[in-house]
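Counted from 1, the sequence shown has number 474 at position 26 by the numbering used here; the numbering is strictly sequential.
All C-beta atoms, glycine included, are put in the ideal place defined by N, C-alpha and C.
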Amino acid sequence: MLNIKSVELIEINLPLVHFFETSFGRTYERRIILVRVEDADGAEGWGEITCGESPGYSDEWTDSAWATAEKILAPMVVGRDVDSAADVWNLMKWARGHRMAKSGIETACWDLEAKKLGVPLWRHLGGVNQTIECGVSIGIQDNVAQLLEKIRVEVEAGYKRIKIKISPSWDYDVIKAVRAEFGNILLMGDANSAYTLADIDLLKSLDEFNLMMLEQPLPHDDIIDHAKLQAQIATPICLDEPIKSPEDARKAIELKSGKIINLKNGRVGGHTQSKLVEQICRDAAMPVWCGGMLESGIGRAHNIAISTLAGYTMPGDVSASKRYWHEDIIEPAVEVSSNGTITAPEGPGIGFEVRMDRIERLNVRRTFVTDQSVSRFQSDETLVENLAWSEWVPWNSVLALVREGGADIPSGRSGVYEVRRLDQGDERLHIGKATDLRWRIRQALVRGKGPHTAGDRIRSKEDISKLEIRWAETPKPSGVEEELHAKYFRDFGFKFHN
Ligand code: OSB
Ligand code: MG
């Protein structure tokens, strides 16, 4: 049983030892959101939201993830009972997307649970290989000599596989120079979606370099053109950006969009989702490896833990702390052996100490979401008890009003609505946003059309003549509506899914 009492978000700013450049831009300093969860016994767990500083890799970025975690996701988790950390994803499932924000919270809950059980997280996740193989990801440099020097350092350090970032101004000639210098290393390129099928000739020409794989050559949301490309090149394609869920993995396997998947906790929404993707890939004999997002020690520790699962059969982008940070925020820092491996620690949870002293120094903002703050939020900020609720209106009357076009039903003002059955007291059949109400009634509940699953359930299971509905508007700005809805959904909406 797990019941999280508080979710704390802490943003730290951490300068990189060396800038990191990809086809979508250059990063000098990370803005990292750490997540600390605590339960009633005072046990804690740590996670990291791995999004970038701008929406160049995925649509999440530091400020959007902060707002989403604070206003939407954390309130869905605090104060709720679940059997285990494996169910935390389900608490947040109502919210679409925002997987990196979800992952920060979800992985923190896994750490907390493993700590309470006194077991290492990697074992708790079902890991089997305590020692994992490591590769490095080397960004685009100012010149080729600099790149060759960086590769030399990493090869000498023992890393098993070298990945270099490529882009249309840094591809064929650069790889050729690398191969001339390092003929035998396991080498791969990552384009971060810098090409299209129109670049087929260039992409075909890379076959001559015997790359271990070519990561994400085509657009970030594509798995169809990748299948066309894979059919025409010998180099195995590795998918990164478009694989956001187990379903995406299944479809990419079915379409033959690539031969390998770079699996990132953040991109798929946490450990539970990673485990599902890993299982699907293992069943299909598709190798996966753990990708990186320039994580601090906390995200790094989670990457180490998940990399111990059986399906992670290739060296990941999981490397030593010192490649990124002068001083990490965990103790000890992550170190890599001289033959390019990391051994997952035996301590409980992530198995590294979190350095609060250092986090305090690097911290730029902080917020707490607790059971109390959710209800305070409700009263102070969205004034739920002061909302002017309409009377309960029989469903049939609402339908008639909407059909006649003259309904006194809110549209445009933010707020919430509730649907209940006359004989079921306070139990809500559905909770929605007031600005959607008129549209919902027309499209789904009335006409029986549209993707409104609550509408389907209501129509198929309920006696329409016994339904009634009421709504409340708020003069607050429309962003408040999302919060109100999330809060209401959290309090009442989940009954509906049981
Ligand atoms: O495409 O794998 C990627 C970093 C930021 C965003 C996307 C990617 C990367 C990396 C770095 O390749 C991996 C790492 O060293 O953490
Ligand atoms: Mg990548």
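Rounded straight-line distance, which links the Cα of ALA549 to that of ALA543:
Approximately 11 Å, taken between the alpha carbons.
Ends of the alpha helix (DSSP H) at GLU560?
The question names Glu, but residue 560 is Leu in the sequence shown. Boundaries of the alpha helix (DSSP H) around LEU560: 547–565.
Is GLU597 near the ligand MG - that is, is its Cβ less than 6 Å away from at least one heavy atom of it?
Outside the cutoff, so no.
Could I get the ranges of all uninterrupted alpha helix (DSSP H) runs contained in the segment 687–766, with 4 residues as the minimum, in chain order?
Secondary structure remark: continuous alpha helix (DSSP H) runs of at least 4 residues inside the segment 687–766, in chain order: 694–703, 713–716, 719–731 and 745–754.
Would DSSP call VAL626 helix, strand or coil?
Of the three classes helix, strand and coil, the one that applies to VAL626 here is helix, per DSSP.
Helix, strand or coil, according to DSSP, for TRP537 in the structure here?
TRP537: helix per DSSP, three-state reduction.
Could you check if GLU829 is buried or exposed, using at least 16 other CB atoms within 10 Å of its CB as the buried criterion?
Low per-residue confidence applies at GLU829: pLDDT is 49, beneath 50, and the placement is therefore not dependable, though the value from the model is reported in the following sentence. GLU829 should be labelled exposed.
Could you tell me the alpha carbon to alpha carbon distance between VAL536 and MET636, rounded to whole angstroms?
Cα to Cα, the separation comes out at about 35 Å.
For PRO796, report the span of its alpha helix (DSSP H) as first-last.
Taken as a continuous stretch (DSSP letters only), PRO796 belongs to no alpha helix (DSSP H), as it is neither H nor E.
Looking at ASP776 and the ligand OSB, is the gap between the Cβ and the nearest heavy atom below 6 Å?
Answer for ASP776: no, Cβ out of range of the ligand OSB.
Could you say which of SER551, ARG886 and PHE472 lies nearest to GLY717 if we only look at CA atoms?
It is SER551 whose Cα lies nearest to the Cα of GLY717.
For a test of your reading of the model: does the CB of ASP884 fall under 6 Å from any non-hydrogen atom of the ligand OSB? Yes or no.
Flag unset: Cβ of ASP884 not near the ligand OSB.
At a threshold of 6 Å, does ASP638 count as lining the ligand OSB (C-beta to nearest heavy atom)?
Checking every heavy atom of the ligand OSB against the Cβ of ASP638, one is found closer than 6 Å.
Use the C-beta contact count for LEU870: other C-beta atoms within 10 angstroms, 16 or more gives buried, fewer gives exposed.
Under this definition LEU870 is an exposed residue.
Quick check on DSSP: helix, strand or coil for LYS608?
Secondary structure at LYS608: coil, using DSSP grouped into helix, strand and coil.
Extent of the continuous beta strand (DSSP E) run through VAL525:
Counting along the chain, no beta strand (DSSP E) covers VAL525; the unbroken alpha helix (DSSP H) around it starts and ends at 522–525.
Considering just the uninterrupted stretch of the beta strand (DSSP E) at HIS878, what are its terminal residues?
Note, HIS878: beta strand (DSSP E), 876–881.
For the candidate residues HIS750, GLU702 and GLN721, whose alpha-carbon lies nearest to that of MET734?
If we check each option's Cα against that of MET734, GLU702 comes out closest.
Starting from the C-beta of PRO694, find all residues in its chain whose C-beta is less than 6 Å away, skip the five residues before and the five after it, and write them out in chain order.
Residues of the same chain with a CB within less than 6 Å of the CB of PRO694, apart from the 5 flanking positions on each side, are LEU724, VAL725 and ILE728 in chain order.
Judging by CA-CA distance, which residue of ALA522, GLY575 and ILE777 is the nearest neighbour of ARG806?
Looking at the Cα atoms, ILE777 is the closest of the given residues.
Three-state class that DSSP yields for LEU635 in the structure shown:
Assignment of LEU635 by DSSP, reduced to helix, strand and coil, places it in the strand class.
Chain-ordered residues, beta carbon under 7 Å from a heavy atom of the ligand OSB:
Cβ atoms closer than 7 Å to the ligand OSB belong to PHE468, THR470, GLY500, TYR505, VAL584, SER585, LYS611, LYS613, ASP638, ASN640, GLU663, GLN664, ASP688, ASN710, GLY739, GLY740, MET741, LEU742, GLU743, ASP765 and SER767.
Kindly indicate which three-state DSSP category GLU775 falls into: helix, strand or coil?
Looking at GLU775 - three-state DSSP - the assignment turns out to be coil, as it is neither helix nor strand.
Give every residue of the same chain whose Cβ lies closer than 6 Å to the Cβ of ILE586, excluding the five residues on either side of it in the sequence, and list them in chain order.
Closer than 6 Å at the Cβ level, and outside the excluded window around ILE586, lie LYS598 and ILE612.
Alpha carbon to alpha carbon, how far is GLN578 from ILE798?
So the alpha carbons of these two residues sit roughly 13 Å apart.
Quick one: what's CYS499 bridged to in DSSP?
In the DSSP output, where bridge partners are listed per residue, CYS499 has none listed.
For SER827, name the three-state secondary structure that DSSP assigns.
Reliability of the predicted coordinates at SER827 is poor, the pLDDT of 38 falling under 50, and the value obtained from them is presented with this limitation in mind. In this structure, SER827 counts as helix in the three-state DSSP scheme.
Output the boundary residues of the alpha helix (DSSP H) element that contains ASP805.
Start and end: 804–810.
Given VAL525, which residues of its chain have a CB within under 7 Å of its CB, disregarding the five upstream and five downstream residues?
Excluding residues within five positions, the ones whose Cβ falls inside 7 Å are ILE452, VAL455, VAL536, LEU539, MET540 and ILE553.
Are LEU810 and ILE460 close, meaning C-beta to C-beta below 7 Å?
Taking 7 Å as the Cβ cut-off, LEU810 and ILE460 qualify as a contacting pair.
Within 10 angstroms of its Cβ, does ILE912 collect 16 or more other Cβ (buried), or is it exposed?
Answer is exposed; the Cβ neighbour count stays below 16.
So what does DSSP say about TRP542, is it helix, strand or coil?
Under the three-state reduction of DSSP, TRP542 is assigned to coil, being neither helix nor strand.
Leaving out the 5 sequence neighbours to the left and right, which residues in its chain are closer than 6 Å to ASP673 when beta-carbon positions are compared?
Cβ neighbours of ASP673 beyond the five flanking positions: LEU645 and LEU666.
If we call anything under 7 Å between Cβ atoms a contact, is SER769 one with ALA753?
Not a contact, by the Cβ cut-off of 7 Å.
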